[in-house]
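Numbering (this note's numbering), first residue to last: 6 to 299.
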(Lines of atoms letter the chains of each structure in order from A; the text may use other names.)
(Lines give C-alpha, C1' and ligand atoms only; values in the text may rest on other atoms or scores of the structure.)
Protein backbone atom coordinates (compact mmCIF):
# COMPACT_ATOMS: atom_id res chain seq x y z
CA UNK A 6 0.00 0.00 0.00
CA UNK A 7 1.22 3.47 -0.93
CA UNK A 8 1.07 6.37 1.52
CA UNK A 9 1.00 9.82 -0.04
CA UNK A 10 -0.94 13.02 0.51
CA UNK A 11 -3.15 14.38 3.28
CA UNK A 12 -4.02 12.29 6.32
CA UNK A 13 -6.21 13.90 8.96
CA UNK A 14 -5.28 13.59 12.63
CA UNK A 15 -8.89 13.18 13.69
CA UNK A 16 -10.45 14.92 16.65
CA UNK A 17 -12.49 12.70 18.97
CA UNK A 18 -15.90 14.32 19.50
CA UNK A 19 -17.50 14.06 22.94
CA UNK A 20 -21.06 14.56 24.13
CA UNK A 21 -21.73 14.69 27.86
CA UNK A 22 -18.20 13.36 28.40
CA UNK A 23 -18.84 10.27 26.26
CA UNK A 24 -17.51 9.39 22.81
CA UNK A 25 -19.94 10.96 20.32
CA UNK A 26 -20.23 8.20 17.74
CA UNK A 27 -22.81 10.00 15.62
CA UNK A 28 -20.60 13.08 15.11
CA UNK A 29 -17.55 10.89 14.51
CA UNK A 30 -19.31 9.01 11.70
CA UNK A 31 -20.42 12.32 10.19
CA UNK A 32 -16.84 13.62 10.28
CA UNK A 33 -15.43 10.57 8.51
CA UNK A 34 -18.08 10.65 5.79
CA UNK A 35 -17.22 14.33 5.25
CA UNK A 36 -13.55 13.46 4.77
CA UNK A 37 -14.46 10.87 2.16
CA UNK A 38 -16.32 13.55 0.17
CA UNK A 39 -13.57 16.14 0.65
CA UNK A 40 -10.77 14.06 -0.85
CA UNK A 41 -8.76 13.23 2.26
CA UNK A 42 -6.37 10.34 1.60
CA UNK A 43 -6.59 8.81 5.05
CA UNK A 44 -7.48 9.31 8.69
CA UNK A 45 -5.55 8.88 11.91
CA UNK A 46 -7.79 8.15 14.91
CA UNK A 47 -6.49 8.09 18.48
CA UNK A 48 -3.48 10.33 18.04
CA UNK A 49 -2.55 13.50 19.90
CA UNK A 50 -5.39 15.42 18.25
CA UNK A 51 -7.80 12.64 19.18
CA UNK A 52 -7.03 13.08 22.90
CA UNK A 53 -5.82 9.50 23.17
CA UNK A 54 -4.25 9.97 26.65
CA UNK A 55 -7.70 10.57 28.16
CA UNK A 56 -9.55 7.82 26.30
CA UNK A 57 -10.23 4.63 28.23
CA UNK A 58 -9.01 1.43 26.59
CA UNK A 59 -12.57 0.54 25.64
CA UNK A 60 -13.12 3.99 24.12
CA UNK A 61 -9.81 3.81 22.27
CA UNK A 62 -10.78 0.50 20.72
CA UNK A 63 -14.26 1.73 19.83
CA UNK A 64 -12.86 4.81 18.07
CA UNK A 65 -10.55 2.68 15.92
CA UNK A 66 -13.27 0.13 15.18
CA UNK A 67 -15.71 2.83 14.10
CA UNK A 68 -13.08 4.57 11.98
CA UNK A 69 -12.37 1.36 10.08
CA UNK A 70 -16.04 0.43 9.76
CA UNK A 71 -17.16 3.88 8.55
CA UNK A 72 -14.26 4.29 6.13
CA UNK A 73 -15.17 1.02 4.46
CA UNK A 74 -11.95 0.97 2.48
CA UNK A 75 -12.52 4.46 1.06
CA UNK A 76 -9.95 6.03 3.37
CA UNK A 77 -6.68 4.58 4.61
CA UNK A 78 -6.82 4.16 8.39
CA UNK A 79 -3.60 4.66 10.34
CA UNK A 80 -4.64 3.80 13.90
CA UNK A 81 -2.89 5.46 16.81
CA UNK A 82 -1.68 2.63 19.05
CA UNK A 83 1.21 4.16 20.95
CA UNK A 84 1.86 4.18 24.68
CA UNK A 85 4.75 4.71 27.07
CA UNK A 86 4.16 1.10 28.10
CA UNK A 87 5.45 -1.35 25.51
CA UNK A 88 2.95 -4.01 26.61
CA UNK A 89 0.07 -1.59 26.19
CA UNK A 90 1.32 -0.49 22.76
CA UNK A 91 1.51 -4.15 21.69
CA UNK A 92 -2.05 -4.74 22.90
CA UNK A 93 -3.46 -1.69 21.10
CA UNK A 94 -1.58 -2.56 17.91
CA UNK A 95 -2.94 -6.11 18.02
CA UNK A 96 -6.44 -4.68 18.28
CA UNK A 97 -5.86 -2.33 15.34
CA UNK A 98 -4.83 -5.29 13.20
CA UNK A 99 -7.80 -7.38 14.32
CA UNK A 100 -10.32 -4.71 13.38
CA UNK A 101 -8.79 -4.06 9.96
CA UNK A 102 -6.71 -0.89 10.25
CA UNK A 103 -4.25 -0.45 7.38
CA UNK A 104 -1.37 0.47 9.66
CA UNK A 105 -0.49 1.78 13.11
CA UNK A 106 0.99 5.04 14.33
CA UNK A 107 3.19 4.36 17.36
CA UNK A 108 4.41 7.36 19.32
CA UNK A 109 7.87 7.58 20.86
CA UNK A 110 7.28 6.77 24.56
CA UNK A 111 6.67 9.88 26.63
CA UNK A 112 7.44 10.78 30.26
CA UNK A 113 9.72 7.81 31.01
CA UNK A 114 12.44 9.15 28.64
CA UNK A 115 13.95 5.97 27.16
CA UNK A 116 17.42 5.98 25.64
CA UNK A 117 17.93 5.40 21.92
CA UNK A 118 18.54 1.74 22.79
CA UNK A 119 15.26 1.67 24.70
CA UNK A 120 13.48 3.16 21.69
CA UNK A 121 14.89 0.45 19.45
CA UNK A 122 13.76 -2.31 21.81
CA UNK A 123 10.30 -0.74 22.19
CA UNK A 124 9.59 -0.51 18.47
CA UNK A 125 11.16 -3.86 17.61
CA UNK A 126 9.06 -5.59 20.27
CA UNK A 127 5.87 -4.19 18.73
CA UNK A 128 6.96 -4.91 15.16
CA UNK A 129 8.06 -8.46 16.05
CA UNK A 130 4.81 -9.21 17.88
CA UNK A 131 2.22 -7.74 15.52
CA UNK A 132 2.29 -8.23 11.75
CA UNK A 133 0.97 -4.78 10.85
CA UNK A 134 2.72 -1.88 9.05
CA UNK A 135 3.98 0.62 11.60
CA UNK A 136 4.72 4.34 11.41
CA UNK A 137 7.09 5.72 14.03
CA UNK A 138 5.66 8.92 15.54
CA UNK A 139 8.51 11.21 16.55
CA UNK A 140 7.29 14.22 18.51
CA UNK A 141 10.05 15.46 20.85
CA UNK A 142 8.01 18.46 21.97
CA UNK A 143 5.68 16.09 23.81
CA UNK A 144 7.80 13.01 24.45
CA UNK A 145 11.02 14.92 25.35
CA UNK A 146 13.06 12.27 23.52
CA UNK A 147 14.01 12.90 19.87
CA UNK A 148 14.60 9.70 17.94
CA UNK A 149 17.94 10.01 16.16
CA UNK A 150 18.40 9.50 12.43
CA UNK A 151 20.61 6.52 13.18
CA UNK A 152 17.88 4.88 15.27
CA UNK A 153 15.33 5.50 12.52
CA UNK A 154 17.69 3.95 9.96
CA UNK A 155 18.16 0.87 12.13
CA UNK A 156 14.42 0.44 12.74
CA UNK A 157 13.68 0.81 9.03
CA UNK A 158 15.43 -2.52 8.52
CA UNK A 159 12.40 -4.25 10.05
CA UNK A 160 9.90 -5.14 7.35
CA UNK A 161 6.93 -3.99 9.44
CA UNK A 162 8.32 -0.51 10.14
CA UNK A 163 7.40 1.35 6.97
CA UNK A 164 7.65 5.03 7.78
CA UNK A 165 7.62 7.95 10.16
CA UNK A 166 5.43 10.84 11.19
CA UNK A 167 7.99 13.45 12.14
CA UNK A 168 6.97 16.43 14.24
CA UNK A 169 10.49 17.51 15.16
CA UNK A 170 10.45 20.38 12.64
CA UNK A 171 13.92 19.26 11.53
CA UNK A 172 13.59 19.90 7.81
CA UNK A 173 16.93 18.27 7.06
CA UNK A 174 15.58 14.91 8.23
CA UNK A 175 13.45 14.00 5.17
CA UNK A 176 16.43 14.46 2.87
CA UNK A 177 18.73 12.54 5.21
CA UNK A 178 16.40 9.57 5.50
CA UNK A 179 15.69 9.53 1.78
CA UNK A 180 19.42 9.50 1.10
CA UNK A 181 20.42 6.81 3.59
CA UNK A 182 17.41 4.47 3.66
CA UNK A 183 17.84 2.86 0.27
CA UNK A 184 16.74 -0.73 0.78
CA UNK A 185 13.00 0.08 0.61
CA UNK A 186 10.48 2.88 0.32
CA UNK A 187 10.32 4.48 3.76
CA UNK A 188 7.33 6.83 3.96
CA UNK A 189 7.77 10.21 5.58
CA UNK A 190 4.74 12.17 6.76
CA UNK A 191 5.04 15.64 8.27
CA UNK A 192 3.60 16.25 11.71
CA UNK A 193 3.70 20.04 11.35
CA UNK A 194 1.01 21.82 9.33
CA UNK A 195 2.96 25.08 9.15
CA UNK A 196 5.97 23.48 7.41
CA UNK A 197 4.27 20.72 5.41
CA UNK A 198 5.15 22.22 2.02
CA UNK A 199 8.80 22.61 2.99
CA UNK A 200 8.71 19.00 4.22
CA UNK A 201 7.50 17.87 0.79
CA UNK A 202 10.25 19.88 -0.88
CA UNK A 203 12.82 18.10 1.28
CA UNK A 204 11.60 14.68 0.19
CA UNK A 205 8.48 14.03 2.27
CA UNK A 206 5.44 12.06 1.14
CA UNK A 207 2.58 13.82 2.90
CA UNK A 208 1.21 15.13 6.16
CA UNK A 209 -0.77 13.99 9.17
CA UNK A 210 -2.67 17.22 9.58
CA UNK A 211 -4.55 18.97 12.36
CA UNK A 212 -5.73 21.69 9.98
CA UNK A 213 -7.41 19.07 7.79
CA UNK A 214 -10.06 18.75 10.52
CA UNK A 215 -11.29 22.18 9.39
CA UNK A 216 -10.37 22.43 5.68
CA UNK A 217 -9.81 18.85 4.47
CA UNK A 218 -10.23 19.63 0.78
CA UNK A 219 -7.76 22.49 0.84
CA UNK A 220 -5.08 20.43 2.58
CA UNK A 221 -5.72 17.51 0.23
CA UNK A 222 -5.52 19.84 -2.78
CA UNK A 223 -2.16 21.19 -1.61
CA UNK A 224 -0.70 17.70 -1.73
CA UNK A 225 -2.43 16.70 -4.95
CA UNK A 226 -1.07 19.85 -6.60
CA UNK A 227 2.45 19.15 -5.36
CA UNK A 228 2.54 15.57 -6.58
CA UNK A 229 0.97 16.58 -9.91
CA UNK A 230 3.88 18.97 -10.40
CA UNK A 231 1.83 22.15 -9.94
CA UNK A 232 4.21 23.73 -7.47
CA UNK A 233 2.81 27.25 -7.81
CA UNK A 234 -0.69 26.05 -6.87
CA UNK A 235 0.68 24.14 -3.89
CA UNK A 236 2.49 27.28 -2.76
CA UNK A 237 -0.67 29.35 -3.22
CA UNK A 238 -2.70 26.99 -1.03
CA UNK A 239 0.05 26.87 1.59
CA UNK A 240 0.00 30.66 1.83
CA UNK A 241 -3.80 30.64 2.14
CA UNK A 242 -3.51 28.20 5.06
CA UNK A 243 -0.90 30.26 6.92
CA UNK A 244 -3.24 32.15 9.26
CA UNK A 245 -5.38 29.08 9.98
CA UNK A 246 -2.34 26.93 10.76
CA UNK A 247 -1.17 29.56 13.24
CA UNK A 248 -4.60 30.02 14.83
CA UNK A 249 -5.03 26.29 15.44
CA UNK A 250 -1.84 26.21 17.51
CA UNK A 251 -2.37 29.31 19.66
CA UNK A 252 -2.79 26.91 22.58
CA UNK A 253 -2.10 23.21 23.07
CA UNK A 254 -3.53 21.00 20.35
CA UNK A 255 -6.38 19.97 20.10
CA UNK A 256 -7.99 22.79 22.12
CA UNK A 257 -8.14 25.40 19.32
CA UNK A 258 -9.17 22.91 16.62
CA UNK A 259 -11.96 21.60 18.86
CA UNK A 260 -13.21 25.19 19.18
CA UNK A 261 -13.02 25.74 15.42
CA UNK A 262 -14.88 22.49 14.79
CA UNK A 263 -17.59 23.60 17.20
CA UNK A 264 -17.94 26.97 15.46
CA UNK A 265 -18.44 25.17 12.15
CA UNK A 266 -21.07 22.84 13.61
CA UNK A 267 -18.91 19.74 13.32
CA UNK A 268 -19.14 18.67 16.96
CA UNK A 269 -19.55 19.89 20.53
CA UNK A 270 -16.89 22.01 22.19
CA UNK A 271 -15.90 19.40 24.76
CA UNK A 272 -12.42 18.49 25.92
CA UNK A 273 -11.29 16.23 28.72
CA UNK A 274 -9.24 17.57 31.60
CA UNK A 275 -6.48 18.48 31.91
CA UNK A 276 -7.23 20.01 28.49
CA UNK A 277 -9.69 22.89 28.60
CA UNK A 278 -11.33 25.55 26.47
CA UNK A 279 -9.11 28.22 24.96
CA UNK A 280 -8.93 31.83 26.15
CA UNK A 281 -11.57 34.23 24.85
CA UNK A 282 -8.95 36.35 23.08
CA UNK A 283 -7.83 33.26 21.16
CA UNK A 284 -11.43 32.34 20.35
CA UNK A 285 -11.74 35.73 18.66
CA UNK A 286 -8.63 35.08 16.57
CA UNK A 287 -9.99 31.71 15.43
CA UNK A 288 -13.37 33.31 14.69
CA UNK A 289 -11.77 35.95 12.50
CA UNK A 290 -9.70 33.43 10.56
CA UNK A 291 -12.73 31.22 9.89
CA UNK A 292 -14.64 34.29 8.70
CA UNK A 293 -11.80 35.66 6.55
CA UNK A 294 -11.33 32.31 4.80
CA UNK A 295 -15.09 31.76 4.46
CA UNK A 296 -14.79 28.26 5.92
CA UNK A 297 -17.93 26.14 6.17
CA UNK A 298 -18.80 22.54 7.05
CA UNK A 299 -20.66 21.01 4.14
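The beta carbon of each residue, even a glycine, is placed where N, CA and C say it ideally should be.
The continuous stretches of alpha helix (DSSP H) do not include residue 45, which lies in the beta strand (DSSP E) extending over residues 43-45. In this chain, residue 103 is not harboured by any beta strand (DSSP E), its DSSP state being neither H nor E. Shown here for residue 19: same chain residues with a beta carbon closer than 6 Å to its own, the five before and five after excluded, namely 25 and 271 in chain order. DSSP places residue 250 in the coil class of the three-state scheme, outside both helix and strand. Within its own chain, the residues whose Cβ lies closer than 8 Å to the Cβ of residue 276, once the five positions on either side in sequence are excluded, are 52, 55, 253, 255 and 256, listed in chain order.
Assigned with DSSP and collapsed to three states, residue 230 falls in coil, not helix or strand.
In the structure shown, the three-state DSSP call for residue 170 is coil. Counting only the Cα atoms, residue 129 lies some 25 Å from residue 209. The secondary-structure analysis by DSSP pairs residue 78 across a beta bridge with 44. Positions of the alpha helix (DSSP H) runs, each at least 4 residues long and wholly inside the segment 141-203, are given as 141-144, 150-156, 174-181 and 197-202 in order along the chain. For residue 138, the enclosing beta strand (DSSP E) stretches over residues 135-139. Contact between the segment 159-169 and the segment 110-117 is absent: fewer than 3 CB-CB pairs across the two stretches fall below 8 Å.
Within the model, the alpha-carbon separation for residue 227 versus residue 175 is close to 16 Å.
Taking the Cα positions, residue 204 is about 21 Å away from residue 104. Counting only residues of its own chain and dropping the five nearest sequence neighbours on each side, residue 60 has a CB closer than 6 Å to the CB of 24. Straight-line spacing of the CA atoms in residue 293 and residue 241 works out to 10 Å. For residue 173, the number of other beta carbons within 10 angstroms of its own is below 16, and it is reported as exposed.
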